[in-house]
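Engineer:
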Amino acid sequence: MSIRYLRALFRPGAVALLGVETAAGAALAGNLLAADLQGELFLIGAGLRRVQNQPCYPHLAALPRVPELVIVADAPVDPLVLLADLDARGVQVALLAGDISLNPAQRQALAERPLRGLRLLGPDSLGVIVPRRGLNASLSPILPPPGHLALVAQSGMVLTPLLEWVTDQGLGCSCAVALGAGDDIDFPDLLDWLARDPDTHIILLHLETLRQARPFLSAARAAARIKPVLVLCGGQGGDGVSRQRDAVYEAAFQRVGLLQVASLRELGWAAATLTRAAVECSGQLLIVGNSGGLGRLAAATLLAAGGQLAELSPVTVAALHHLLPTHTLITNPLDLGAAADPARFAAVLACLLHCTDKAGVLLLHAPHAQTAAADIAAAVGETVSQMHAAGHRRALLSCWLGMTSAAHSARQHCRERGIPSYDTPDDAIRAFLQCGRYQQQRLALLDIPPAPPEPDGAERAKARALVRATLAAGCSVPGAADMAALLRLYGVALTEPLAAGDDLELVLRVVEQSPFGPVLLLEPAGPGVVLGMCLAAALPPLHALLARAMLTRSPLHALLRQADPADAGLIESLIDLLLRVAQLVVDLDELDELALRLVWTPAIGLQVAGAQIRLAAQDSHRQRLAIRPYPRELEECLTLPDGSLLTIRPVRPEDAPAFISGFDRLSPWEVRMRFMHARKALSPIEAARLTQIDYDRDMALVALRQRPGQDAEGCGVARLVRDADGERAEFAIILLHEATGMGLSSLLLRRLIHYARSQNLGELFGEILRENRPMLELCRAMGFQLRRCAEDSGVIIATLALR
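Counting in the numbering used here, the sequence shown runs from 1451 upward without gaps.
In structure tokens, the structure reads:
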């Protein structure tokens, strides 16, 4: 769905409530009127003239204008009749609130005869809240203050306590949405909107199950590259099947950069920390407070959760000796003394924040008769404000223990100064580590992987022919010889294992896991193993860094390290095998199930001791994989007049080093023509962003030229990036100077136009500097319309209608 329709949900100029005479309608009307909507509000109810001094209309036709958003609190026996009427009148979004539902037959009818322009939120939705717009179109009794957290939940009963927590913490919301039981307006649409919403800085998701994995993962990946996205996904139980399902969901979230949390409490504290501690959160922490016992308990919690106690440098120790009594032991945790006053807290805190570059600081305070928590909080807040004014920012968290009004006042004072404040040390530490994990996970997504091992075109053709022959013979299970041959084509050799006594047995499986399609699962095998207890999961396609993360982030990692304490190659061998099996899954749609029995012994290495494969014919139109693999079908090779070979193919993650070196060969004029401003270099992170694209959304074609007897060298890149609505795409082309003059620009632009049409895009456009005459002449020759940019007279907008 184009997200332009969501403007009617989040920024409606006019809202109508249908069914105000019902109990749900009365509650909705009360919330709408109390929130002071920025826009027109129309109430519709049978037999009512006014509601709270607001006029009430008898039916939709009586309204003075067509509202963008209609909230339906009451519907006829067949809601489809009402929806068709709303669609015909030009209503853009209908919110089905309360107990309105669609039975299976009505859902099927709606799928077969989709509405023309009307989009649905719900049924059974709690509603939508946009505090900054004065919009509370919900059944929630809570209207949080305006803020920067976006809350999206499938269940309204989960959304309500989140709203209460956000309000209590004083964080505020940009918006809150409960999806209910509908499948029209869904997570992908909302993620695309919120990723570009300037009022939203952090997105919090609650989901119970995904309806469609591929659009969700695509939208989540795009959003997580812009701002933090936290997700709470309820587990399905303790049996093996449920553990497998949970492991796959966790792997999917990690794959696209979402931070998964385990509870509502953890979700809230992590969000608060990311909101207020807008600095790096490493895994190292300095703990300082007025209780040695509490400090040691907090340190134990930190270490047990995988964090580290930061080491105090000699310079820091010397500075602290000047601030503390002579008998004080300078360690981490640091005990300031039970009766430490505001001046001591402030001085020590200033010293630690000045002297630590990466470590965070956790300030603990336990109630004491000789000191007032509020006075200490005020001194701490003033110190932090002075440091911020001087440009010094560090990750600082505070914990004020106790349930007294003094502790509450201290927490509130810190929050007002932008200092995250918690009820217990456990909450603070877990939130700190979650933020560190988020930052590490985000950076890991931009690491540059090596090229994966994969078969050549001839081997792929042989594999497909073998599979087709097996299915044509009416068989779903290949014979032993065919199965071994198929695996050999992907570099996987079956062997007879040699018993060694200290073997580790594993099983690598490929199974269908709804809604993600085929997934890879690796776990221990053999007698006494409980299914799903020690499982690593991943979604194909894979590269080496993803395969390594699959192993190191899973419960299986400890077992692998135990089996190979000398690091004799178990993990590296598994990574290689995972890459080969993942490529097999990508290449062969007919692969329904696969199981490989693996045996590891340090003396011999990893052996594939047995295999089972099941094949099944697949629907050619089905998007089988949750993540679109490298689109090999777009590759093409051309022979140039000088005999060199020109390859045009989609960009790959391992192209990043070539992008960096290619940028260094561009002249300042060429850089300015492409990027619209001067820049000296392309950083590794920028190169990773340009090469690790989502093929479902964008496309970049690289041109490589190979002269006889020489290695291939890059010539240029043509890029297409869809806009937020997915209706248009912006293009850009850059060529190295030595690749000009052979018609490569026109060739690449034609390929982009052809690809854009194949994706059913409506328009291709580009922003071109007025002095870039070669590109302007090319666009004019290709049929683009040229016009001057209204905001910048030095820029020309080139547009090409594709329909």
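All C-beta atoms, glycine included, are put in the ideal place defined by N, C-alpha and C.
1. Mind the definition here: the stretch 1816–1830 touches the stretch 1860–1868 only if three or more C-beta pairs lie below 8 Å; say whether that holds.
2. Nearest-angstrom Cα distance between Glu1904 and Ala2131?
3. For Gly1597, which of helix, strand or coil comes out of DSSP?
4. Classify Asn1586 as helix, strand or coil using the three-state DSSP reduction.
5. Is the stretch 2022–2041 touching the stretch 1893–1911, taking contact as three or more C-beta pairs under 8 Å?
6. Roughly how far, in whole angstroms, is the beta-carbon of Gly1630 from the beta-carbon of Pro1596, given that I think they are within contact range, below 8 Å?
7. Starting from His1858, trace the beta strand (DSSP E) both ways and give me its first and last residue.
8. Met2000 by DSSP, collapsed to three states: which one?
9. Which residue wins for smallest C-alpha separation from Asp2042, given the options Ser2196, Val1960, Thr2002, Ala1986?
10. Rounded to the nearest angstrom, what separates Leu1893 and Val1681 at their Cα positions?
11. DSSP state of Pro2158, grouped into three classes?
12. Excluding five sequence neighbours on each side, which residues of the same chain lie with their C-beta closer than 6 Å to the C-beta of Leu1657?
13. I'd like the list of long-range same chain contacts for His2007, defined as Cβ closer than 7 Å, with 5 residues on each side in sequence excluded.
14. With DSSP collapsed to three states, give me the class of Ala1975.
15. Along the chain, where does the alpha helix (DSSP H) containing Glu1700 start, and where does it finish?
16. Assign Ala2066 to buried or exposed, taking buried as 16 or more other Cβ atoms, counted over all protein chains shown, within 10 Å of its Cβ.
17. Compute the Euclidean distance between the alpha carbons of Leu1613 and Leu1786, then round it to the nearest angstrom.
18. Please identify the residue among Leu1735, Ala1544, Ala1809, Cys1885 whose C-alpha is closest to the C-alpha of Leu1708.
19. According to the Cβ coordinates, are Leu1989 and Ala1673 closer than 9 Å?
20. Using 8 Å as the threshold, is the stretch 1475–1493 in touch with the stretch 1503–1517, meaning 3 or more CB pairs across them?
21. Give the DSSP bridge partners of Gly1810, in chain order.
22. Using a Cβ-Cβ cut-off of 6 Å (strictly less than) and excluding sequence neighbours within five positions of Leu1995, which residues of its own chain qualify?
23. Just to confirm the assignment, what range does the alpha helix (DSSP H) spanning Leu1482 have?
24. How many angstroms separate the CA atom of Arg1693 from the CA atom of Pro1648?
25. Tell me Gly2055's beta-bridge partners as DSSP assigns them.
26. Which of the three DSSP states, helix, strand or coil, is assigned to His1818?
27. Note down the Cα distance separating Ala1626 from Ile1592, rounded to an integer number of angstroms.
28. What does the alpha-carbon distance come out to for the pair Asp1953 and Arg1746?
29. Are the stretch 2079–2087 and the stretch 2116–2125 touching, with three or more C-beta to C-beta distances below 8 Å?
30. Is there a C-beta anywhere in chain D that falls below 9 Å from the one on Asp2161?
31. What number of angstroms, rounded off, separates the C-alpha of Leu1667 from the C-alpha of Leu1784?
32. Where does Phe1966 sit, in a helix, a strand or coil, going by DSSP?
33. May I have the straight-line CA-CA distance separating His2187 from Leu2116, to the nearest angstrom?
34. Helix, strand or coil: which one does DSSP assign to Ala1464?
35. For Arg1671, which residues in the same chain have their Cβ closer than 7 Å to its Cβ, ignoring the five residues on either side in sequence?
36. Measure the C-alpha to C-alpha separation of Arg2147 and Leu1921 and round it to an integer number of angstroms.
Structural biologist: In short, the structure shows the following:
1. yes
2. To locate residue 1904, count along the sequence shown from 1; it is residue 454. To locate residue 2131, count along the sequence shown from 1; it is residue 681. Rounded to the nearest angstrom, the two C-alpha atoms are 32 Å apart.
3. To locate residue 1597, count along the sequence shown from 1; it is residue 147. Correct three-state label for Gly1597: strand.
4. As a working mapping, residue 1586 is identified with position 136 in the sequence shown. If DSSP states are grouped into helix, strand and coil, Asn1586 belongs with the strands.
5. Of all C-beta pairs linking the stretch 2022–2041 to the stretch 1893–1911, three or more are shorter than 8 Å, placing the two stretches in contact.
6. Along the sequence shown, one-based indexing puts residue 1630 at 180. Along the sequence shown, one-based indexing puts residue 1596 at 146. At roughly 24 Å, the Cβ-Cβ gap does not stay under 8 Å, so Gly1630 and Pro1596 are not in contact.
7. Start at 1 with the first residue of the sequence shown, and residue 1858 comes out as number 408. No beta strand (DSSP E) holds His1858; the alpha helix (DSSP H) holding it covers 1855–1866.
8. On the sequence shown, residue 2000 is found 550 positions in, with the first residue counted as 1. Of the three classes helix, strand and coil, the one that applies to Met2000 here is helix, per DSSP.
9. Taking the first residue of the sequence shown as position 1, residue 2042 is located at position 592. Considering only alpha carbons, the answer is Val1960.
10. Numbered from its first residue, the sequence shown carries residue 1893 at position 443. Numbered from its first residue, the sequence shown carries residue 1681 at position 231. In a straight line, the C-alpha of Leu1893 is about 18 Å away from that of Val1681.
11. Walking along the sequence shown from the start, residue 2158 turns up at place 708. Here Pro2158 sits in coil by DSSP.
12. Translated into the one-based positions of the sequence shown, residue 1657 becomes position 207. Closer than 6 Å at Cβ, skipping near neighbours: Gln1604, Cys1683.
13. On the sequence shown, residue 2007 is found 557 positions in, with the first residue counted as 1. Cβ within range, chain order: Leu2001.
14. Reading the sequence shown from its first residue, position 525 is the one you call residue 1975. Residue state, collapsed to three classes: coil.
15. For this step, residue 1700 is matched to residue 250 along the sequence shown. 1690–1706 is the extent of the alpha helix (DSSP H) around Glu1700.
16. Residue 2066 sits at position 616 when you count from the first residue of the sequence shown. By the beta-carbon neighbour count (other beta carbons within 10 angstroms, threshold 16), Ala2066 is exposed.
17. Looking up residue 1613 in the sequence shown gives position 163. Looking up residue 1786 in the sequence shown gives position 336. Each residue's Cα considered, the two are about 37 Å apart.
18. Counting from one through the sequence shown, the residue named residue 1708 turns up at place 258. It is Cys1885.
19. For the purposes of this step, residue 1989 is identified with residue 539 of the sequence shown, where counting begins at 1. For the purposes of this step, residue 1673 is identified with residue 223 of the sequence shown, where counting begins at 1. No, these two residues do not count as a Cβ contact at 9 Å.
20. yes
21. Against the sequence shown, residue 1810 aligns to sequence position 360. Per DSSP, Leu1735.
22. If you number the sequence shown from 1, residue 1995 lands on position 545. For Leu1995, where only same-chain residues beyond five positions count, the Cβ hits under 6 Å are Asp1897, Pro1899.
23. In the sequence shown, counting from the first residue as 1, residue 1482 sits at position 32. That run of the alpha helix (DSSP H) goes 1473–1484.
24. The residue labelled residue 1693 in the question sits at position 243 within the sequence shown. The residue labelled residue 1648 in the question sits at position 198 within the sequence shown. Taking the straight line from one Cα to the other gives about 38 Å.
25. Within the sequence shown, numbered from 1, the residue matching residue 2055 stands at position 605. Thr2051.
26. In the sequence shown, residue 1818 corresponds to position 368, counting from 1. Note: His1818 maps to strand in three-state DSSP.
27. Along the sequence shown, read from residue 1 onward, the residue named residue 1626 stands at position 176. Along the sequence shown, read from residue 1 onward, the residue named residue 1592 stands at position 142. Each residue's CA atom was taken as its position, placing Ala1626 and Ile1592 some 11 Å apart.
28. Here the question's residue 1953 lines up with position 503 in the sequence shown. Here the question's residue 1746 lines up with position 296 in the sequence shown. The alpha-carbon atoms of Asp1953 and Arg1746 are separated by roughly 41 Å.
29. Not touching, per the Cβ criterion.
30. The question asks about chain D, but that chain is absent: this structure has only one protein chain.
31. In the sequence shown, the residue the question calls residue 1667 occupies position 217. In the sequence shown, the residue the question calls residue 1784 occupies position 334. Approximately 44 Å between the Cα atoms of the pair.
32. Here residue 1966 refers to the residue found at position 516 when the sequence shown is read from its first residue. Note: Phe1966 maps to coil in three-state DSSP.
33. Residue numbering aside, residue 2187 sits at position 737 when the sequence shown is read from its first letter. Residue numbering aside, residue 2116 sits at position 666 when the sequence shown is read from its first letter. For His2187 and Leu2116, the distance between alpha carbons rounds to 7 Å.
34. Reading the sequence shown from its first residue, position 14 is the one you call residue 1464. Note: Ala1464 maps to strand in three-state DSSP.
35. Residue numbering aside, residue 1671 sits at position 221 when the sequence shown is read from its first letter. A distance below 7 Å between beta-carbons, with the five flanking residues on each side excluded, links Arg1671 to the following residues of its chain, in chain order: Val1706, Gly1707, Asp2144.
36. Residue mapping note: residue 2147 aligns to position 697 of the sequence shown, counting from 1. Residue mapping note: residue 1921 aligns to position 471 of the sequence shown, counting from 1. The straight-line gap from Cα to Cα measures roughly 34 Å.
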